[in-house]
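A.B. asks: Please see the structure below; I have some questions.
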Amino acid sequence: MREITLSKAVNEAIAEEMRRDPTVFVIGEDVAEAGTPFKVLSGLVEEFGTDRIVDTPIAEPGFMGIAVGAAMTGMRPIVDLMFGDFLFLVMDQLCNQAAKTHYMSGGKLSVPLVLRTNMGATRRSAAQHSQSLHALVAHIPGLMVAMPSSAYEAKGLMKTAIRENNPVVIFEDKLMYQDKAPVPEEEYLIPFGQANVKREGTDITLIGTSSMVQVAEKAAEILAGQGISAEVIDPRTIVPLDEATLLASVKKTSRAIVIDEGHQGYGITGEIAARLNEKAFYHLDAPVCRMGAMDVPVPFSPALEDLTVPTPERVAALAARLVAGEMLHDA
Amino acid sequence: MTQPSNTESYLRMYTQMVRIRAFEDQANQLYLSAKMPGLTHMYSGQEAVAVGICEALTSDDKITSTHRGHGHCVAKGAEFKQMFCELLGKEEGYCRGKGGSMHIADQSNGNLGANAIVGGSMGIATGAAMSARARGSGEVAVCFFGDGATAQGLMYEVMNMAALWKLPVIYACENNGYSEYTRTDEIAAGSIVARAEAFGIEAHQVDGQDVLAVNELSQKLIARARKGEGPFFIELMTYRYHGHHVGDINREYYRTKDEESDWKSNRDPITNFGRWLTEQGLVAPEDLAAIDADVYKDAEDAVAYALAAAYPDGSEVDMHVYAPTDPATLRVGG
Chain A
6 MREITLSKAV
16 NEAIAEEMRR
26 DPTVFVIGED
36 VAEAGTPFKV
46 LSGLVEEFGT
56 DRIVDTPIAE
66 PGFMGIAVGA
76 AMTGMRPIVD
86 LMFGDFLFLV
96 MDQLCNQAAK
106 THYMSGGKLS
116 VPLVLRTNMG
126 ATRRSAAQHS
136 QSLHALVAHI
146 PGLMVAMPSS
156 AYEAKGLMKT
166 AIRENNPVVI
176 FEDKLMYQDK
186 APVPEEEYLI
196 PFGQANVKRE
206 GTDITLIGTS
216 SMVQVAEKAA
226 EILAGQGISA
236 EVIDPRTIVP
246 LDEATLLASV
256 KKTSRAIVID
266 EGHQGYGITG
276 EIAARLNEKA
286 FYHLDAPVCR
296 MGAMDVPVPF
306 SPALEDLTVP
316 TPERVAALAA
326 RLVAGEMLHD
336 A
Chain B
4 MTQPSNTESY
14 LRMYTQMVRI
24 RAFEDQANQL
34 YLSAKMPGLT
44 HMYSGQEAVA
54 VGICEALTSD
64 DKITSTHRGH
74 GHCVAKGAEF
84 KQMFCELLGK
94 EEGYCRGKGG
104 SMHIADQSNG
114 NLGANAIVGG
124 SMGIATGAAM
134 SARARGSGEV
144 AVCFFGDGAT
154 AQGLMYEVMN
164 MAALWKLPVI
174 YACENNGYSE
184 YTRTDEIAAG
194 SIVARAEAFG
204 IEAHQVDGQD
214 VLAVNELSQK
224 LIARARKGEG
234 PFFIELMTYR
244 YHGHHVGDIN
254 REYYRTKDEE
264 SDWKSNRDPI
274 TNFGRWLTEQ
284 GLVAPEDLAA
294 IDADVYKDAE
304 DAVAYALAAA
314 YPDGSEVDMH
324 VYAPTDPATL
334 RVGG
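Structure (structure tokens):
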């Protein structure tokens, strides 16, 4: 199978859906001729023109609000938010307007839009261009949240997101744009709420999101060398969350670590761990553990930044302690 | 000015203004008698704004409304029964009781909804205009907002884009003199219309108590917006008879009773328009009285209906969080 970059996969997904549905359009800063700073959208304006690949002023709340209004009246906007950190700028339009419109109108109005943005630290971009803020929007009922872990997921989840009748926030890891993965030539979609068991194992379940799936897979390799069999699961969407697949795995392995690049405090690692504790407690041989990003603003210095995110070595070390039955705290 | 067709439209405007006043009088009574959950914001006094503009729109044209939105909803064609049901949280309400006064929406008449975030719908209206042009529908979008909302940054972001892209949107600023509990001149520096003009948007100021003046200007601007000459901005000078919300009873710390009674006695949009209609010989005073009586009876009946109507079943609490998507659409080739 051919291999393409995550960037190319997103580009293909959007182009295919724009050919399929004339109501789909892209709106955001420097999306047209510039093709975004990461060049993810390069070439689209040449095919679809500036009426459908719409460059805006630097006014995130403004174009987010415009997208909500367009979505309520028959269009399917893809909002391009240049950095995930800019989510704080669009929170009212996203969380008070887009997320609640269907509910507040008793089901009469809907907001089929995609907000594509990014996440991920270790790019030396400091505290306002490095955050992973998916927990923030996952907290708001009415929004769906997708977190592709490779080019394959990025394409299939984007196509589903565009066809969904709900607001979907899709987080691409900005360090993965040039990562290649096998992506079929023929059309496919990845359904929301269906986790992917990336690697089967029997001793411990490693649940990772986005780039943390790769971290979990590398940790599983390390663990295999120690004779420990780790199962790796990618939820692919955190809203909706495929609880059934996660629970089935944890009931089998009896141990789990949830790995995510959002801040650990009040983050999605805690949410997933709580659900597993509530629904699989009697199957557990160890506490379900969280490994998120440190609860500090992302520092600039490489010497500091690299300490803030989970690494395969740290995941493997914790997993080994859990499998060994080591006490994590006083009884 | 005395063509029969004009008289018909004048009477419709008169009736619609009375309907708004009657609706608000009933809503206020529901609050005062503790029959309505929560609070509500009265539109009384501003009727000529909503009616003058909405009578120049078709039912396909879109509006966005505000927390003070009952007037817009009535003017855009909503029915009393579903509106009162919504205010009371009943199943038959426009939003099945999930929105209430501050989120009432009536998409069948192009009302994209009231909004409880001041200035929160400015992007939505602008987006509806962008959508109208993309779909080639010929629709116009009107964004209703108050003077208080002119302090929000979103307004300037979307007016900039609307002007750049020549969108068919009309920004209708209802300047009722008060930003919640604060005089507008204490929160608005300089001229409000000049702010729109800074973007190259043609801006007008009009007497918001004169329904004919509002309607005449709206007809012209809406026709031009349909032809691609938009966007436009209108500042409508009006007055809020009640407090910020129904519970804002003691308001002498921010405005005098004399001021309120001056507007009510001398500048009431319904009284003045009714007087003009009779002075012009277009209608007899008793005909207007009959309209008033009919409308008030309708409102009372609708209140009685809504009070007796059923609440939504508890099973609806987690309905409508997400819109359904046809599974066939989500498949290859779908």
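Chains as they are written, first to last, in my numbering: chain A, 6 to 336; chain B, 4 to 337. Note that the Cβ used here is the ideal one computed from N, Cα and C, for glycine as well.
Note down, one range per segment and in chain order, each beta strand (DSSP E) of at least 3 residues found wholly within the stretch 51-93 of chain A.
C.D. replies: 58-60, 81-85
A.B. asks: Considering only DSSP beta bridges, list what residue 165/A is partnered with.
C.D. replies: DSSP links residue 165/A through a beta bridge to no other residue.
A.B. asks: Is the shortest distance between the beta-carbon of residue 157/A and the beta-carbons of chain B less than 8 angstroms?
C.D. replies: no
A.B. asks: Of the residues that make up the stretch 43-62 of chain A, which ones have a beta carbon closer than 9 angstroms to any beta carbon in chain E?
C.D. replies: The question asks about chain E, but that chain is absent: this structure's protein chains are A and B.
A.B. asks: Kindly list the residues whose CB is nearer than 6 angstroms to the CB of residue 239/A, restricted to its own chain and excluding five residues on each side of it in sequence; keep chain order.
C.D. replies: Excluding residues within five positions, the ones whose Cβ falls inside 6 angstroms are 154, 201, 203, 218.
A.B. asks: How far does the beta strand (DSSP E) with residue 204/A in it reach, from first residue to last?
C.D. replies: 201-204
A.B. asks: Determine, using beta-carbon pairs with one atom in the stretch 6-24 of chain A and one in the stretch 175-184 of chain A, whether at least three such pairs fall under 8 angstroms.
C.D. replies: yes
A.B. asks: Which residues, in chain order, does the stretch 157-177 of chain B contribute to contact with chain A at a C-beta distance below 7 angstroms?
C.D. replies: 157, 160, 161, 163, 164
A.B. asks: Provide the residue span of the beta strand (DSSP E) that contains residue 237/A, from first to last.
C.D. replies: Annotation for residue 237/A: the continuous beta strand (DSSP E) segment containing it runs 235-239.
A.B. asks: Say whether chain B places a C-beta atom closer than 8 angstroms to the C-beta of residue 233/A.
C.D. replies: no
A.B. asks: Taking the C-alpha atoms as reference points, what is the distance between residue 11/B and residue 276/B?
C.D. replies: 14 angstroms
A.B. asks: In the structure shown, what three-state DSSP assignment does residue 126/A receive?
C.D. replies: coil
A.B. asks: Taking a cut of 9 angstroms between CB atoms, which residues from the stretch 110-138 of chain A lie near chain B?
C.D. replies: Those residues of the stretch 110-138 of chain A that come within reach of chain B (Cβ to Cβ, closer than 9 angstroms) are 110, 111, 112, 113, 114, 115, 116, 117.
A.B. asks: Looking at C-alpha atoms only, which residue of 201/B, 147/B, 165/B, 164/B is the closest neighbour of residue 178/B?
C.D. replies: 147/B
A.B. asks: Starting from residue 84/B, follow the alpha helix (DSSP H) in both directions and report where the run begins and ends.
C.D. replies: For residue 84/B, the uninterrupted alpha helix (DSSP H) run begins and ends at 83-90, by DSSP.
A.B. asks: Classify residue 11/B as helix, strand or coil using the three-state DSSP reduction.
C.D. replies: helix
A.B. asks: In terms of DSSP beta bridges, what is residue 154/A paired with?
C.D. replies: Answer is none; residue 154/A lacks a bridge partner.
A.B. asks: I'd like the span of the beta strand (DSSP E) that includes residue 267/A, first residue to last.
C.D. replies: In the DSSP annotation of this structure, the continuous segment of the beta strand (DSSP E) that includes residue 267/A starts and ends at 261-268.
A.B. asks: Buried or exposed for residue 362/A, going by 16 or more other Cβ atoms inside 10 Å?
C.D. replies: Lying before the first or after the last residue shown, residue 362/A is absent from chain A, which here runs from 6 to 336.
A.B. asks: If you follow the alpha helix (DSSP H) that residue 180/A is in, where does it begin and where does it stop?
C.D. replies: Segment: none, residue 180/A is in no alpha helix (DSSP H) and carries neither H nor E.
A.B. asks: Going by the DSSP bridge assignment, what does residue 182/B pair with across the sheet?
C.D. replies: 185/B
A.B. asks: If we require 3 or more residues per run, which beta strand (DSSP E) segments fall completely within the stretch 97-151 of chain A?
C.D. replies: 119-124, 149-151
A.B. asks: According to the neighbour-count rule (16 or more other Cβ atoms, all chains shown, within 10 Å of its Cβ), is residue 106/A buried or exposed?
C.D. replies: buried
A.B. asks: Given a cut-off of 8 angstroms on the beta-carbon distance, is the pair residue 187/B and residue 257/B in contact?
C.D. replies: no
A.B. asks: Does residue 85/A have its Cβ less than 8 angstroms from a Cβ in chain B?
C.D. replies: no
A.B. asks: Residues of the stretch 303-325 of chain B in Cβ contact with chain A at a cutoff of 8 angstroms, in chain order, please.
C.D. replies: 322, 323, 324, 325
A.B. asks: Tell me whether residue 394/A sits in a helix, a strand or coil according to DSSP, three-state version.
C.D. replies: The structure shown has nothing for residue 394/A, since chain A only spans 6 to 336.
A.B. asks: Using a Cβ-Cβ cut-off of 8 angstroms, state whether residue 101/B counts as contacting chain A.
C.D. replies: yes
A.B. asks: In whole angstroms, what separates the C-alpha of residue 264/A from that of residue 337/B?
C.D. replies: 34 angstroms
A.B. asks: Return the Cβ separation of residue 320/A and residue 262/A in integer angstroms, given the expectation that the two are a contact with Cβ distance under 8 angstroms.
C.D. replies: 6 angstroms
A.B. asks: Anything in chain B within Cβ reach of residue 240/A, meaning under 9 angstroms, just list it in chain order.
C.D. replies: By Cβ distance, chain B contributes nothing, its closest Cβ being about 17 angstroms from residue 240/A, past 9 angstroms.
A.B. asks: Drop a sphere of 10 angstroms on the beta-carbon of residue 63/A, count the other beta-carbons inside from all chains shown, and report buried for 16 or more, exposed for fewer.
C.D. replies: exposed
A.B. asks: Measure from the C-beta of residue 92/A to each C-beta in chain B and report whether the shortest distance is under 8 angstroms.
C.D. replies: no
A.B. asks: Give me the Cα-Cα distance between residue 91/B and residue 205/B, rounded to the nearest whole angstrom.
C.D. replies: 41 angstroms
A.B. asks: For the beta strand (DSSP E) containing residue 10/A, list its first residue and its last residue.
C.D. replies: In this chain, the beta strand (DSSP E) harbouring residue 10/A covers 8-10.
A.B. asks: Along the alpha helix (DSSP H) that carries residue 98/B, what are the first and last residues, could you check?
C.D. replies: In the DSSP assignment, residue 98/B falls outside any alpha helix (DSSP H), carrying neither H nor E.
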